[in-house]
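Quick note, my numbering runs 468 ahead of the 1-based positions in the sequence shown.
Here is the structure we will look at.
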Amino acid sequence: MFMHLHQLAMAHPHSALQIYQFLSTLHQTCPDAGTFDSILLSLQTPRFSPVSSILDRWAPTFAHQMPTLFGDFQQLMASAQRSPEYDALLRRVSEHYPLIYRVSCFLENDLQLELFVRCLCLDSSTPVNVTEVKQTLMQFFRELSPDTRDFVQEIVMEDHHGYLSREDCMMDDNLPGAESFHGFIDLDRVYDILQDPKLFDQLMAIIQANTARNVVWAQTIQEIHALVSGRGVWEQLAPILQVHHINEEEYESYEDYVQKNFLDNGGQQYLDDEINRAQVEHMLGNLKM
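As structure tokens, then:
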């Protein structure tokens, strides 16, 4: 959970994300879990009585136990009473709250939470089917670190909405960008583009450290992009990094490629002296983050 989002929740909620933020604040403020679960059930249940009846039922609880949220709750109910579309949005978000809350516990920042809520397409005024949500979620998962992705996928797979199956995740593991690096890079070309020995060492440290940890190649590319940002070299560098495989008959392995294209040309001593230092700096940078 993120305090920054909770602080934003005090403004009148207009979007799915803002409604979730209000509910999250309510979740933390409620005197006990039973009270919150009952309020949430009232909000997500189909309306067999006027929306005003929800406010009438819970007004004493808010007034006595959560007075700081009473005004926001009154505005929420007033908007739902005026607009059937807003009431439908409120029901959708309330019904998805347990899923979003569980996922939020494993996300790393506010932006990831916002992206996840948007992927659920709760703000859509037209019906959205499970397949459409699944497609947006699969794109979102590829932006997460491997550990975070595993936790979040497991939560979504267990959720009753049926947005994701285990087979979906197994298929996605085989897609480009969802795998660690197993191809070859033209190191001479990279060095010529960078024109900076220290920057080259840092780039190599990222590749080697991430490859050792089986980090997905897409994330490694993002880290390299952050490293060279502002240097004016990304447009030349990107096509080289995005090539995952070359002629396998020419090289037996990635190590063989490095040996023939870099180490045999005088790079061995250079790497021996510098790569370990750069790897340590990169790991320390990750710890600070």
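Backbone N, C-alpha and C define an ideal beta-carbon position, used for all residues, glycine too.
- In the displayed model, V701 falls within coil according to three-state DSSP, outside both helix and strand.
- Burial is judged here by how many other beta carbons sit within 10 angstroms of a residue's own beta carbon; V561 has at least 16 and is buried.
- Assignment of P518 by DSSP, reduced to helix, strand and coil, places it in the coil class.
- In the structure shown, R610 adopts coil according to DSSP, grouped into three states.
- Nearest in C-alpha terms to K666, of all of V696, P535, A484, is V696.
- In summary, H532 is exposed, with fewer than 16 beta-carbon neighbours lying within 10 Å of its beta-carbon over all protein chains present.
- A contact is defined here as three or more CB-CB pairs under 8 angstroms, and the region 615-627 fails this definition with respect to the region 511-529.
- With contacts defined by Cβ atoms closer than 7 angstroms, L567 and C587 do not form a contacting pair.
- As the crow flies, the alpha-carbon of Q489 is around 43 angstroms from that of F668.
- The beta carbon of V598 is closer than 8 angstroms to those of H629, G630, Y631 in its chain, skipping five residues each way along the sequence.
- Where L511 is concerned, the enclosing alpha helix (DSSP H) starts and stops at 501-512.
- In the DSSP assignment, H495 falls within the unbroken alpha helix (DSSP H) covering 484-497.
- Bounds of the alpha helix (DSSP H) holding T536 are 535-550.
- Look at Q663 here: in three-state DSSP terms it is coil, with no helix or strand label.
- Of all alpha-carbon atoms in T513, E703, L612, I661, the one lying nearest the alpha-carbon of E576 is that of L612.
- Under the 10 Å beta carbon count, S593 is surrounded by fewer than 16 other beta carbons and is classified as exposed.
- T594 sits in coil when the DSSP states are folded into three classes, being neither helix nor strand.
- Listed in chain order, the non-local C-beta contacts of F530 below 7 angstroms within the same chain comprise L537, F538, F541, local neighbours out to five positions each way being set aside.
- For D578, the enclosing alpha helix (DSSP H) starts and ends at 578-587.
- About 16 angstroms separates the Cβ atoms of L579 and A484, ruling out a contact at the 8 angstroms cut-off.
- Spanning the alpha carbons of P614 and H495 requires a straight line of approximately 29 angstroms.
- Sequence-distant partners of P514 (beyond 5 residues in either direction) whose C-beta falls short of 8 angstroms from its own C-beta, in its chain, are R559.
- In this structure, the beta-carbon distance from I692 to I674 falls below 7 angstroms.
- Remark: C-beta atoms of I661 and L705 approach each other more closely than 7 angstroms.
- Cα atoms of C637 and D627: separation of roughly 14 angstroms, rounded to the nearest angstrom.
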